Structure formats: C-alpha cells, structure tokens
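Residue numbers (the UniProt record's numbering), protein chains in the order written: chain A, 1 to 400; chain B, 1 to 400; chain C, 1 to 400; chain D, 1 to 400.
C-beta atoms are modelled at their ideal positions from N, C-alpha and C, and glycine is treated no differently.
Everything numeric in this text was worked out from a predicted model, so none of it was measured.
Protein chains: 4
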Amino acid sequence: MQRNISVEKLTQTPIEKQQIEIAERKCIGHPDSLADGIAEAVSRALSRKYLEECDAVLHHNTDQGEVVAGESIPKFGGGNVTRPIYILLTGRATKDFQGKTIPTDAIAVEAARNYLRETLQFLDMERDVIVDCRMGVGSSDLRDVFRACGDNPVPHANDTSFGIGHAPFSDLENIILRVSEHIDNNVRPKNPIIGTDVKIMGLRQNNEINLTLCVPMIDRFCGSMDDYVDAVGFIGEEVKKVASGCTDRKVNVWINTGDRVDKGSIFLTVTGTSAEMGDDGSVGRGNRCNGLITPQRPMSMEATSGKNPINHIGKIYNLLSTEIATQCVNEIDGIDDLYVRLLSQIGKPIDQPFVASAQYIAEEECSTSVEKDINSIIDERLADIASITERVIRGELKTF
Amino acid sequence: MQRNISVEKLTQTPIEKQQIEIAERKCIGHPDSLADGIAEAVSRALSRKYLEECDAVLHHNTDQGEVVAGESIPKFGGGNVTRPIYILLTGRATKDFQGKTIPTDAIAVEAARNYLRETLQFLDMERDVIVDCRMGVGSSDLRDVFRACGDNPVPHANDTSFGIGHAPFSDLENIILRVSEHIDNNVRPKNPIIGTDVKIMGLRQNNEINLTLCVPMIDRFCGSMDDYVDAVGFIGEEVKKVASGCTDRKVNVWINTGDRVDKGSIFLTVTGTSAEMGDDGSVGRGNRCNGLITPQRPMSMEATSGKNPINHIGKIYNLLSTEIATQCVNEIDGIDDLYVRLLSQIGKPIDQPFVASAQYIAEEECSTSVEKDINSIIDERLADIASITERVIRGELKTF
Amino acid sequence: MQRNISVEKLTQTPIEKQQIEIAERKCIGHPDSLADGIAEAVSRALSRKYLEECDAVLHHNTDQGEVVAGESIPKFGGGNVTRPIYILLTGRATKDFQGKTIPTDAIAVEAARNYLRETLQFLDMERDVIVDCRMGVGSSDLRDVFRACGDNPVPHANDTSFGIGHAPFSDLENIILRVSEHIDNNVRPKNPIIGTDVKIMGLRQNNEINLTLCVPMIDRFCGSMDDYVDAVGFIGEEVKKVASGCTDRKVNVWINTGDRVDKGSIFLTVTGTSAEMGDDGSVGRGNRCNGLITPQRPMSMEATSGKNPINHIGKIYNLLSTEIATQCVNEIDGIDDLYVRLLSQIGKPIDQPFVASAQYIAEEECSTSVEKDINSIIDERLADIASITERVIRGELKTF
Amino acid sequence: MQRNISVEKLTQTPIEKQQIEIAERKCIGHPDSLADGIAEAVSRALSRKYLEECDAVLHHNTDQGEVVAGESIPKFGGGNVTRPIYILLTGRATKDFQGKTIPTDAIAVEAARNYLRETLQFLDMERDVIVDCRMGVGSSDLRDVFRACGDNPVPHANDTSFGIGHAPFSDLENIILRVSEHIDNNVRPKNPIIGTDVKIMGLRQNNEINLTLCVPMIDRFCGSMDDYVDAVGFIGEEVKKVASGCTDRKVNVWINTGDRVDKGSIFLTVTGTSAEMGDDGSVGRGNRCNGLITPQRPMSMEATSGKNPINHIGKIYNLLSTEIATQCVNEIDGIDDLYVRLLSQIGKPIDQPFVASAQYIAEEECSTSVEKDINSIIDERLADIASITERVIRGELKTF
C-alpha cells in the first residue's frame with residue numbers, strides 16, 4: 001500500500017535569519033528530566049525482562065509518574081535532606097502472559113532506584129528518596145507484541161497522535177547542547193560542586209546570544225560563600241568558553257541571576273537537584289526527544305519517555321521523525337530547515353501513517369530532486385520502522 | 001525603564017497556505033485535561049482563601065499532580081468502576097503567614113473533589129475516586145505577595161522562562177474549538193451517552209480537513225451495540241454539520257476508528273473518561289492555554305494550569321502573550337499570523353521581560369505603522385500585567 | 001467426631017473480691033475504634049456484595065488498616081482541620097469468581113466513607129479526610145465459601161489461633177459500658193459539644209471506683225473557656241450519676257485531668273476525635289469484641305473487626321466464646337467468673353477446635369451438673385457455629 | 001510524696017496447675033513483629049539523633065505503621081516477589097527545636113530500611129519493598145524532654161493508661177521462648193531454608209504439651225517437594241528435642257498442619273515472611289514486651305514498640321512492670337505467680353502512678369515479709385524509672 005507522504009516547500013525566513021530565537025534545555029538532574037529518565041528506565045527494564053521471559057516485548061506504558069519534591073536544609077560544608085523526595089511510578093504493564101507472571105512492580109521499583117543512584121550521586125538512596133508504585137495491569141494484544149526475532153507483523157497505532165522532528169540544529173540549539181555536554185562530561189567530573197539540575201535558557205537577538213543558566217552547587221563541596229561565588233564565576237567562564245567556540249556571534253553568559261548573595265539567598269543544594277527542596281517534576285514536561293525545548297520549532301506535546309516502543313505513536317513517531325529530518329539534511333544539499341510530522345490514526349499499521357508530512361525551507365536554489373529525495377527517505381524509514389523499536393530496547397536512543 | 005521589545009516581520013507561508021496542518025484538542029474529560037482542571041481549581045481556591053484570610057495572595061504552585069487511572073468494567077446498561085481513579089495533589093503552598101494558618105491541604109482536597117464532581121457527572125465521588133494530597137509547604141516572599149487592593153509592587157519573575165501566544169486561529173483550529181464547544185454545550189446536554197473525554201485530532205491537507213475523534217460512550221445510556229453504533233453515527237453527523245458550517249473546505253469525520261465492533265472492542269465507559277480504565281493524566285501535558293495543541297505553531301512547554309498567578313512566568317506570560325496576539329490581530333489590519341513571545345530572567349520585575357518578541361507574517365501590504373502598533377500594544381499590556389493576576393483569581397481566564 | 005472440650009474449676013479469688021481491678025473502653029470516635037469500625041464496615045459491605053453477586057461470601061480479610069492523624073486548629077466558636085486525616089485501607093479480597101468481577105476496592109472506599117460520615121458527624125467528608133486503598137487480591141478456596149442458603153460445609157480454620165470470652169461483667173466493667181452508652185445515647189444527642197472520642201479508664205480499689213475520662217469538646221459548640229469548663233463539669237456529673245446508679249460502691253469521676261485551663265491547654269477539637277490532630281489508630285488495638293479492654297481477664301490479641309466471618313478464627317472464636325460464656329452464666333447458677341477459650345489448628349474444621357476450654361470460678365457451692373452443663377452448651381454452640389457467620393453478615397454482632 | 005502501692009494475695013490456682021494453658025509467639029519475621037521492630041527501630045534512631053543534635057530526647061511516637069503485604073510467586077529453586085511489600089511509617093516526631101531542624105522523615109525511612117535489611121536477609125531492598133512515610137510533626141513540651149545528662153525532671157504521663165507484667169514464666173511459656181531462640185540462633189544459621197516468619201502456638205492440656213508451628217521455607221534453598229518435606233521433618237525434630245529438654249511433660253510437635261502436600265499447597269516463600277504474599281502486619285498486634293502472647297495472663301493492649309521512652313506510659317509501664325515482676329520473683333521466695341500493674345493518670349509525674357498494684361499467688365506458705373518486700377521493690381524501681389528510658393535508648397530492652 002502506498003504511503004500518504006506529502007513534501008512541501010515553505011517560503012519562510014530560516015530560523016538563523018530571524019531576529020529573535022529562544023531555546024532551552026533542562027539537564028539531567030532537573031526534576032522533569034529525572035521523571036523522564038525514570039520513566040524510560042522503567043520501560044527499558046520491562047522490555048528487557050519481557051524479552052527474557054516471554055521472548056517478546058509486551059504492552060506497557062510508563063510515560064507518567066511524578067517526582068514530588070522533598071525538603072532540605074543545605075549548608076556550607078554539607079547539609080541534609082529533611083523530607084525525602086517522593087517518586088510515584090504509575091502507568092501500566094502486562095503482568096500475565098501465556099502462563100508466566102512478570103514481576104512488573106518490582107522491576108519498576110528497581111529500575112527507578114537504579115536510575116536515581118546512577119544519576120544523582122549525592123542522593124542517599126536509603127534516606128533521601130521514597131520510590132512508590134501504583135502501576136496498573138495492562139493486557140497484551142497478541143497482534144501487537146514485538147518478538148525478539150523473526151517476522152514481526154507491523155503493530156497497529158495505539159492512538160491517533162503524531163510525532164515531529166526537525167533538522168538541522170540552529171547555532172543557538174547547538175550551543176545549548178554543547179554547553180550541556182561540556183558541563184556533564186568535562187566540568188563536573190573535576191568539579192563535583194556543580195550539581196546536575198542545570199537549566200540552560202538561550203536567547204538570540206540578531207547576532208547576540210544570551211545564555212542564562214541556573215546551576216545548583218552541592219553544599220558538601222562548598223565551604224563558604226566565597227567558594228560559591230568562585231564556582232559561579234568558574235562555571236560562567238567555562239560556559240562562555242565553550243559557547244564562544246561554537247559560534248561567531250557574541251555570547252553573554254548569566255549564572256544564577258536570582259541569587260542575592262548579600263542576603264545569603266543562593267542556589268545551594270545537598271544533592272544537586274532542586275527536587276530536594278521545592279520543585280516537582282513530571283514526565284513529558286521537559287525536553288523533547290532531541291534534548292531541547294524549541295518554542296520556535298514545531299513540537300509535539302507527547303512524552304517520548306516511558307512509552308512502549310512497539311506501537312506507541314507518541315514515542316516512535318517522535319523518534320523517527322527526528323531521525324528522518326536529520327538524515328535528509330545530512331544527505332540532501334541545500335535545505336535550511338526541515339520539519340517532519342508523522343500522524344497516525346488509531347488502529348492502523350504504524351508504517352502507514354495517516355499522513356507523513358515534510359516541510360522544508362531553502363533560500364538558495366537547491367537540487368531539483370529534493371522533494372523526491374525526502375520522499376524516498378521517509379518511505380524507506382517507515383518501511384524500516386521496527387528498527388526504532390529495537391534500538392530503543394537496546395537503549396541506543398535518547399528520549400529527552 | 002524602557003522595555004526590550006522586538007517586532008519582526010517574517011517572510012513565511014502563512015499557516016492557511018501551507019499544504020499540511022495538524023492541530024488537536026483534548027476536551028474537558030481527557031485525563032490530561034482533568035489534571036489541568038484540578039490543578040487550576042486548587043490554585044484558584046487557595047488564592048481566594050488567601051485573599052479572604054490574609055488580604056493577599058500568597059505564593060503557591062500546584063502545577064503538578066497526577067491522575068492515575070482506575071479499572072472499570074463497562075457494560076451495556078451500566079457497569080462498574082472496579083478500582084477507583086487515584087489522584088495525587090502535589091506542589092506547595094504557603095501555610096503560615098503573619099500568625100495565621102491556612103488549611104492548604106484541606107482546601108486542595110476540597111477544590112479537587114468539587115472540580116471532579118462538576119466535571120464528571122457520572123463519577124461516583126464516594127467510590128470511584130481517591131483524592132490524595134502530598135503538598136509541600138512553601139514560604140512567601142513579602143516582595144511578591146499580591147494584595148487585594150492598593151499599590152502592589154511589581155512582582156519578580158520566579159524563573160527564567162517564557163510564554164508564547166499566537167493569533168488568529170486558523171480555519172482548522174477554529175473548527176476544532178467549535179466542535180468541542182458544540183459537543184459540550186449542545187450535544188451532551190441532550191445526549192448524556194456522550195462522555196466528556198473527547199479527543200479531536202485535526203489534519204488539513206490542502207483543502208481537505210480530516211477530523212478524527214475519540215468519543216467515549218457512557219454505558220448506562222447505551223443498552224446495546226446498536227445503541228453504540230447509533231451514537232457513533234449521530235455524533236459523527238453532528239461534528240460534520242458544525243465543522244462544515246465553519247469552513248468552505250471539505251470535511252471528513254472519523255469517530256472511534258480503533259473500534260472493532262465485530263469483536264465487541266469499543267470505546268464504552270462507565271463515567272465518560274478513559275481515566276477510569278487505563279489512561280493516566282498529568283498537568284501540562286495537554287492543551288496550551290488557548291485550548292489547543294498546535295504543533296505547527298510556536299508553543300511553550302510550561303503548564304499554565306495550577307501555577308500561582310502572581311509571579312509565575314509559565315502562567316502569566318503564556319496567558320498574556322496569547323491575549324496580546326489576539327488584541328494585535330483584532331486592532332491592526334493585514335496580519336496573517338502573529339507570534340508573541342515573552343522571556344523572563346529570574347529575579348527581574350515581570351513587567352520588564354528580558355525580551356518581548358513579536359513576529360508577524362503579512363503577505364499583503366499592511367499598514368506601515370504595524371510594527372509601531374504591535375510595539376504599543378505589548379508595552380501597554382506589560383504595564384498592565386497585574387490585571388492578568390486579577391482575572392485569573394476571578395476565574396475569568398481559561399488555562400487549557 | 002467428638003469435640004475436645006475441657007471444663008475446669010479454678011480455685012481463684014473472683015474478680016469482684018480482688019482488691020484492684022482495671023478496665024477501659026475506647027468509645028466510638030477513638031482512632032483505634034474508628035479503625036475497627038471501618039474495617040468491619042468494609043468486611044460487611046464486601047460480604048453483602050458477594051452474596052448479592054455470587055450467592056456466596058468469598059474470602060477476604062480487611063482486619064488491618066491505619067488511621068493517620070491529620071492536623072487541626074480548633075478554636076472557640078469553630079476552627080479548622082488543616083491537614084486531612086489519612087485513612088489507608090489494606091487487607092485483601094477476592095475480586096474474580098466464576099467469571100464475575102467484584103469491585104472490591106470501590107466497595108471498600110465507599111463503605112469506609114459511609115462509616116465515617118455516620119460516625120463523625122462534624123467531619124467534613126469533602127475536605128477533612130482522605131480515604132486511600134491498597135487492598136490486595138485474594139483468592140477463594142471453594143471449600144470455604146459460605147453460601148447464602150443450603151448446606152454449607154463446615155469451613156476449615158484459616159490459622160492456628162484462638163478466641164476468648166468471659167462472663168459475667170464485673171461491676172466496674174458494667175459501669176464503663178453503661179457510661180459509654182449513656183453518653184452516646186442520652187448525653188450527646190442533646191449536647192453536641194461532646195465529641196465521640198471518649199476514653200473511659202476505670203480503676204476499682206476495693207470498694208472505691210475511679211473513672212478517668214478523656215472527653216473531647218467540639219469547638220463550634222464551645223464559645224469560650226467558660227463553656228468548656230461548664231461542659232467538663234456537666235459531663236462529670238452525668239457520668240457520676242449514671243455510674244453511681246449502677247453500684248453501691250463509691251464512685252469518683254475525673255474528666256480531662258491533662259488539661260491546664262490556665263494555659264489554654266485543653267481537649268478542644270474541631271470534629272470530636274483526636275484523629276484530627278495527633279493520634280493515629282489501628283485495627284485491633286482497642287476494645288476486644290465485648291467492648292472493653294480488661295487486663296485482669298484473659299484476652300485475645302486478635303482483631304475481631306474486619307476479618308472474614310466464614311473461617312477466620314480470630315473473629316469467629318472471639319465472638320463465639322464470648323457468647324458461650326454469657327449463655328452459660330445466664331443458664332447455669334452459681335458461677336462467679338467463667339472464661340472460655342477456643343483454639344484452632346490451621347486446616348481443621350472450625351466446629352472441631354483443637355481444644356475448647358472453659359474455666360469457672362465458683363466460691364459458693366454450685367450445681368453438681370455445672371461442668372456437664374457447660375460442656376453441653378459449648379458442644380451445642382460449636383455445632384451451630386455457622387449462625388455466627390450469618391449474624392455477622394447481618395450486622396447483628398458488635399466487634400469492638 | 002508517698003506512692004499508691006497495693007500488694008494483694010490472690011487465692012488462685014497457679015497457672016502450672018490449671019488444666020489448660022495457651023501461649024503463643026510470633027517470631028521475628030512475622031508481619032506484626034516486623035511492624036513492631038520497625039516502629040522501635042525508628043524510635044531508637046530518632047532518640048539517638050535527638051541526643052546528638054539537641055542533647056535531649058524530644059517527643060515522638062512512632063507506635064503505629066502498617067506492613068501491607070506484597071505478592072510473590074515462590075517456586076522450588078527460587079521464585080520472585082512480584083509486588084513489593086509496602087510499609088507505611090506514621091506517627092509523629094518533633095522536627096524543630098531551639099533553631100535546629102531534625103530530618104525526622106529521612107531518619108525514619110533510613111531506620112526502617114536498615115531494620116528490614118538486617119532482619120530479612122533475602123528481601124531484595126531495591127525491588128521487594130517500598131518504605132513510605134507520612135509522619136506528622138509533633139512538638140516538644142520542655143517539661144518532658146529527656147536530657148542526656150544532668151538532673152532530669154520527672155516527666156508527666158502522656159496519657160491515662162497502664163502497663164502490666166508477670167513472672168515467672170510457666171513451663172509452656174519457657175518452652176516457646178526457648179524454641180524461638182533455638183531456631184533463630186542455632187537452626188537457621190546452618191539451615192537457611194528456614195524462614196523467619198515462624199509462629200509458635202502452645203497448648204498445654206494437663207501434662208501434655210502441643211506445639212503447633214507455622215514455618216515458612218525459603219524457595220531458593222528448596223529444590224523440590226522432597227526438600228520441603230525433609231525440612232519440615234527436620235525442624236519438627238529440632239523443636240521436639242529442645243522442647244523436651246525443658247520439661248518433663250510430654251511434648252507433641254505439629255509443623256505446617258495447613259499444608260496439603262499432595263496438592264502442592266505448602267508454606268513456601270521467596271523471602272521467609274508471609275508479608276511477601278498476603279499477610280499484613282501492624283504495630284502492637286503481636287507479642288507483648290515479654291515476647292509472648294499469653295491469654296491466661298493479664299495483658300495490656302498498648303503497643304510497647306515505637307512509643308517514646310520519655311513519658312509514654314504504654315511503653316514505660318509495660319517494660320517496668322515486667323522487670324518488677326521478674327525481680328520480685330528472683331529475690332523473694334515462695335511466689336508462684338506475680339502480676340504487676342501500673343496505672344497512670346494523664347498529666348501526673350510518671351514516678352507517681354495512680355496506682356501500682358501487685359497480685360501474687362503463693363500456694364505454699366511464703367515469707368511473712370513478702371508483701372513488704374514486693375512493695376519495696378516497686379517503690380525502688382519507680383524511683384529509678386528514668387533508667388528504663390536510658391536503657392531503651394541504648395537498645396537494651398526488647399519490646400516484642
């Protein structure tokens with residue numbers, strides 16, 4: 001059956017030429033990111049266990065769940081979490097399948113705790129967090145089970161929904177991602193004072209870029225206000241250095257502008273995340289699956305994290321459309337901006353979207369075959385849609 | 001102090017002239033909408049009580065919370081909810097202020113229960129739902145308290161964040177909103193079989209519009225499969241009639257395409273919402289504050305519902321930018337599409353955004369003063385930003 | 001099969017002739033009594049629904065559950081509950097039986113809420129209490145199902161456990177029960193200021209009886225400290241009057257001895273129960289099934305409330321042994337004190353206890369047939385053990 | 001002030017000469033014992049932290065809390081817990097004191113998890129259990145704070161309540177305690193198949209003792225039904241050997257009489273406690289503070305575990321009366337049975353009970369000074385009541 005693919009050229013000022021651009025990233029320790037990471041960890045653990053026990057991934061959705069903030073009293077040299085963070089795992093998962101019972105609740109709790117332990121090094125797993133579980137019981141439609149090997153039938157869309165992706169990243173988007181990586185991979189390993197709940201807000205006004213960061217400091221590594229002020233200064237320089245290295249534009253960096261150092265009101269934490277003292281988090285409220293929040297770009301509201309990777313459109317189409325956009329931009333010359341949307345209709349095979357739509361912007365003259373080429377890539381990638389499922393299960397795809 | 005306002009003309013194919021357009025609405029009984037509605041109801045109840053007791057709105061944020069699905073066994077003529085829906089209220093609220101104690105938890109539970117009772121007529125409040133509360137205790141910064149009368153100082157942004165709005169609504173967006181209103185105001189009152197958890201997904205491909213609706217039927221009003229099929233047919237005709245009346249384009253309507261009537265697999269419910277049996281909901285995962293999910297339009301990820309209306313950017317700037325866009329389009333001729341973004345920096349007065357940016361698209365020649373006029377409206381509305389707070393408290397502004 | 005019945009005469013100072021005697025009652029609104037009452041209400045509602053749907057009472061046990069105190073700010077004229085009481089329903093119940101699904105969780109929540117509404121008139125069910133449910137799923141052994149009519153097989157003991165009863169009530173025990181009834185039936189209806197969480201502690205030293213009562217006052221009916229002091233005085237007189245009418249012994253009455261009126265530290269409440277502000281309650285921690293805590297008498301630790309009435313020894317044997325003791329004392333002359341113990345062994349028919357033991361004290365010469373008569377009554381009542389089940393289901397037996 | 005002490009001789013058949021005697025012990029892994037152990041561990045951890053931070057033990061009560069059973073699928077060779085055990089910590093604790101904040105919730109969660117880890121070796125703390133906390137906030141009355149050193153004032157009774165103790169242990173009581181110790185100290189260390197949730201029910205009929213034990217086997221050490229049957233046989237012999245060594249009476253031992261080996265219905269577990277699959281537990285529902293449930297003996301309904309050791313009568317008087325009884329029996333000749341009761345009145349100093357009553361049974365002629373001697377010991381021990389508090393905090397006193 002022929003796929004309903006639409007490729008359209010938009011006459012549009014490319015993002016880089018617009019005067020104003022905003023983009024944002026909530027890094028790994030942000031409460032919303034924690035919720036996303038836990039949800040995805042639970043889904044991955046379930047998928048692996050299902051494959052191990054049943055030789056098939058069974059239906060589940062864990063794309064919900066709540067991080068309820070605790071209370072803490074940080075202080076220079078080391079304070080305390082006084083009320084544990086409370087994490088509620090919800091969603092549902094198939095528990096019984098062909099005579100086997102899968103300990104879904106136990107798996108979920110373990111996966112969440114493991115994820116937290118790896119992600120929040122300074123969270124005391126024995127006293128600073130409560131992981132609770134109210135997961136429901138789902139059931140598996142045999143049509144839509146993903147077998148480990150062999151001829152899987154094409155699953156049917158679980159919902160009428162859509163996924164969206166774009167490429168390439170703008171200058172600003174790139175910078176934000178690079179700064180995030182730099183902090184995680186280079187700065188924090190040598191400077192444990194830097195917490196993980198960093199938020200990077202980027203604003204480009206013409207050729208001037210302002211990066212506003214919230215950076216929590218970890219109190220046990222911060223002996224005094226001087227240490228704090230030094231750390232703020234240091235991280236500011238690091239950010240500026242990396243950001244400036246990515247662009248010719250002017251970059252201004254602002255760190256913790258909400259601080260009032262004179263009043264002792266600063267972003268000091270015990271564990272490096274504001275979830276310890278006031279900020280709740282939810283799945284799907286933070287970054288899209290490309291790692292960013294990009295209000296100038298088309299976005300899907302669907303949470304990618306935690307959804308089952310077999311037939312959940314909100315996950316598969318978001319991941320796939322992002323990959324399609326990237327592949328097109330890499331392989332086809334002359335595209336300034338490309339937006340890919342995949343829309344499903346509940347109950348239809350997922351390789352046959354209700355519509356697959358690409359909109360491209362190309363100011364320069366570009367290859368005459370651009371539309372045909374985009375069409376081909378979309379068609380090809382839809383035919384191979386099962387590989388998304390496989391790679392999600394192997395943990396190869398980021399979801400936030 | 002002069003405001004940093006930027007108005008920019010974009011060269012861009014207006015949305016109506018793009019080949020493909022997608023938009024969506026989750027109606028009042030959708031689990032995500034329930035979560036939004038509860039969050040906002042709690043915030044409004046707190047605000048009113050604060051004013052009553054303290055003559056000021058104190059800090060609070062209830063823009064989180066989870067609707068955990070129950071289990072049900074619907075059947076023709078009337079079935080049962082077998083496991084209650086579980087609703088967790090989180091967030092935080094100021095409990096003690098100048099010697100007074102506000103019963104924040106009790107207020108939150110009551111507001112949530114009242115909201116549910118009004119919204120889900122067929123939910124048995126005594127057995128089908130559990131409303132739990134794990135709200136934390138916040139504290140009020142005296143600078144940012146909103147007094148009922150008198151000279152309020154301008155509050156300071158609680159976060160580095162942004163709000164976004166657009167106008168006018170496209171043909172497709174309009175249709176979706178009209179269909180939603182028609183079902184709520186005209187169809188359901190006479191046809192109680194129609195549940196509230198309607199989801200409307202719209203796709204426009206050139207001049208053809210496809211509306212795909214999921215419409216739950218309520219079992220006590222549905223005696224047989226014939227009744228169900230009739231109701232599906234009836235609602236389809238109603239939708240088609242209303243939608244066609246709003247547009248010259250061709251409209252196709254699809255209702256409950258996931259049903260398999262032959263297998264008895266249909267969208268039958270006890271209470272009219274899928275929260276009774278499988279679908280969880282979260283605050284901020286559904287409609288933006290204009291009532292829609294519009295992936296082709298710039299959107300903010302911030303939940304508008306439940307945030308405090310004093311200084312929470314994610315609420316105030318989303319509401320204000322939407323109003324600014326609408327006012328501009330109403331008062332200034334020749335604008336095809338207008339996007340307004342307001343970006344804050346934590347700790348700065350909220351009437352002084354880091355940047356207020358408007359981007360407009362105008363294919364025809366439009367008034368030479370358009371940019372100046374937009375600028376004026378933005379400036380004016382920012383100066384009057386406190387009126388947003390007032391109207392939210394009075395319940396005059398929709399948030400989802 | 002012959003029953004293992006042992007009747008033994010003890011040489012023992014009867015309780016009335018001992019110098020010291022202690023007994024206690026936690027009245028209807030005490031947190032432990034609330035927990036008991038809820039547990040039993042849930043069991044009864046389940047039993048009724050099981051009979052209605054399945055024509056048989058299925059296995060369940062709801063003899064657990066916790067009343068977690070809220071927080072309140074009582075004040076003269078009327079205060080507030082500021083944090084709702086949290087009630088956790090646990091235990092387990094059979095959900096699926098011969099193709100039918102019983103909405104056990106929904107039934108439990110409804111029964112608990114109904115019970116609270118009836119018992120605590122001034123508890124606002126919409127804001128002062130959260131009823132949560134984490135009941136597990138049990139399964140029904142067909143052998144031990146109780147059919148509404150027809151020849152029920154004798155169920156098998158679910159546990160190795162015992163029940164205990166005594167008769168007659170001592171002077172002190174009698175007084176405590178009468179005082180409790182008088183307050184509930186005569187005093188409170190006309191004096192709504194008197195809360196339900198009354199605790200009556202009785203001490204008899206030779207011929208002097210001291211009754212120490214904790215009596216919560218309800219703030220909305222208490223306009224001032226004078227009102228409070230008056231109410232304390234009034235209830236003290238009422239208690240003294242009733243108690244003195246039951247005995248020739250001297251009676252002293254002490255009300256709220258922990259108060260410090262001068263410091264404003266008194267037992268004032270919003271709802272009439274200390275569960276609103278500090279005292280948790282659990283099933284089985286309060287009165288035994290005769291309505292009393294009697295440390296001088298043999299007692300079972302088993303909670304009677306909430307256990308299934310089919311085969312749960314901790315319920316059936318406690319109720320039955322109390323009835324046997326009472327019947328013996330009523331029908332046989334000359335018994336001063338009688339203690340009946342029934343001990344089961346798991347898996348054995350409940351009408352065949354491992355041992356049924358009666359110990360009687362008779363100072364005066366009593367009938368030579370006393371042992372034979374007791375034996376007969378025990379044998380008879382064990383043969384008719386199913387009637388206990390029936391009467392529990394009909395709500396005719398008190399459990400606390 | 002002279003203490004109100006009453007010593008009375010009872011004419012009574014001593015327990016050893018009664019025909020029938022029942023006693024019971026729920027060993028360490030029984031759900032009720034787990035609840036007790038957790039409650040006491042939390043109280044001890046709080047007390048220690050209070051002393052460390054505030055140089056005083058502050059008010060708290062954690063004598064509530066619920067162990068909600070999980071679900072498991074044990075199987076020969078090793079099965080799984082499929083739904084984690086859920087543990088709810090409740091009660092209340094002073095959080096703020098003289099400018100210091102004590103992280104009470106975090107301490108409670110940690111103490112509970114540590115206790116579980118030590119007690120249930122085969123419970124996977126990362127997946128088989130959820131420890132949740134809904135503890136309230138108490139406040140400390142400065143009068144009743146226990147300082148680490150120096151002249152502590154005598155605290156005031158928190159309630160009108162009583163404690164009870166008896167001595168010496170009967171033959172049957174002794175045997176039960178010895179069997180329990182033998183299993184814990186000698187059998188299990190070498191035979192890890194033996195779970196900790198052992199229940200020992202003892203019945204003495206004249207000179208024949210029947211011990212009925214429920215003994216869970218741990219599946220990972222049990223490869224087959226033969227292994228199970230062997231283990232049951234083995235433990236039966238061990239129990240018989242130890243029990244027979246303590247008494248001249250005839251001893252019969254019954255293990256897991258509810259098993260139906262032919263149907264595969266046996267007491268096999270994953271972790272060694274029935275809390276994994278069906279049995280809930282509560283504080284204060286199991287053993288009294290002497291380690292036993294003794295329905296023929298006077299007992300208090302008060303939970304000893306988890307109560308604060310400063311002024312909570314339900315704890316202090318239970319522990320003290322048991323010690324007094326033991327000391328009297330050890331130091332004074334000729335007492336067959338001794339019962340000690342201490343009754344408080346709320347608000348009065350705890351070293352001045354409303355009445356301290358001893359009842360002794362002595363068939364043989366005993367020393368003429370026996371009443372005076374008992375009186376002296378009671379007086380002395382009441383004068384030294386603070387030492388109970390100290391020893392509880394040091395963890396020297398068992399509470400269940």
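Residue burial classification, residue i (beta-carbon count within 10 angstroms, cutoff 16)
| i | result |
| --- | --- |
| D/Lys307 | buried |
| C/Ala157 | buried |
| B/Pro192 | exposed |
| D/Arg341 | buried |
| C/Val261 | exposed |
| D/Val286 | Position check: residue 286 of chain D holds Gly in this sequence, whereas Val was assumed. Buried is the call here. |
Chain-ordered chain B contacts of residue i [CB-CB under 8 angstroms]
| i | result |
| --- | --- |
| C/Glu24 | Within 8 angstroms Cβ-Cβ: nothing; C/Glu24 doesn't reach chain B, min ~32 angstroms. |
Cβ of residue i within 8 angstroms of any chain E Cβ
| i | result |
| --- | --- |
| B/Pro298 | Structure shown: chain E not included; protein chains present are A, B, C and D. |
Extent of the continuous beta strand (DSSP E) run through residue i
| i | result |
| --- | --- |
| C/Lys26 | 20-26 |
| C/Ala356 | 355-361 |
| A/Ala41 | Where A/Ala41 is concerned, there is no enclosing beta strand (DSSP E), although the alpha helix (DSSP H) it sits in stretches over 31-54. |
| B/Cys133 | 129-133 |
| B/Asn114 | From DSSP, B/Asn114 is part of no beta strand (DSSP E) but of the alpha helix (DSSP H) over 104-119. |
Boundaries (first-last residue) of the alpha helix (DSSP H) holding residue i
| i | result |
| --- | --- |
| D/Gly245 | 225-246 |
| A/Cys214 | Not the alpha helix (DSSP H): A/Cys214 falls in the beta strand (DSSP E), residues 208-214. |
| B/Gly314 | 313-331 |
Partners in chain C for residue i, counting only beta-carbon separations shorter than 7 angstroms
| i | result |
| --- | --- |
| D/Pro295 | Phe162, Ile164, Pro298, Met299, Ser300, Arg341 |
| B/Pro155 | Here the premise fails: no neighbours, minimum Cβ distance about 27 angstroms. |
Spatial distance of residue i from residue j (CA atoms)
| i | j | result |
| --- | --- | --- |
| B/Ile28 | B/Tyr115 | 11 angstroms |
| C/Gly258 | C/Pro216 | 12 angstroms |
| C/Asp351 | C/Val154 | 7 angstroms |
| C/Ile130 | D/Arg92 | 18 angstroms |
| C/Leu123 | C/Ala275 | 11 angstroms |
| B/Gly223 | B/Asp230 | 11 angstroms |
Check: residue i C-beta below 7 angstroms from any heavy atom of the ligand SAH
| i | result |
| --- | --- |
| A/Arg297 | Ligands in the displayed structure: none, and consequently the ligand SAH is not present. |
Within chain A, the residues that residue i reaches when beta carbons sit closer than 9 angstroms
| i | result |
| --- | --- |
| B/Ala303 | Ser282, Arg285 |
Residues that residue i contacts on chain D, provided the C-beta gap is smaller than 9 angstroms
| i | result |
| --- | --- |
| C/Cys214 | Asp159, Thr160, Ile346 |
Closer than 9 angstroms at the beta carbon, the chain C residues around residue i
| i | result |
| --- | --- |
| D/Gln359 | Thr13, Gln18, Gln19, Ile20, Gln296 |
| said: Check whether the stretch 193-206 of chain D and the stretch 35-53 of chain D are in contact - that is, three or more C-beta pairs closer than 8 angstroms. | reply: Cβ pair count under 8 angstroms is below three, so no.
| said: For the stretch 281-300 of chain C against the stretch 283-303 of chain D, do three or more pairs of beta-carbon atoms, one drawn from each stretch, fall closer than 8 angstroms, so that the two count as touching? | reply: Yes, the stretch 281-300 of chain C is in contact with the stretch 283-303 of chain D.
| said: Using a Cβ distance threshold of 8 angstroms, determine whether the stretch 377-395 of chain B contacts the stretch 312-328 of chain C, with at least three qualifying pairs required. | reply: Too few Cβ pairs lie closer than 8 angstroms, so no.
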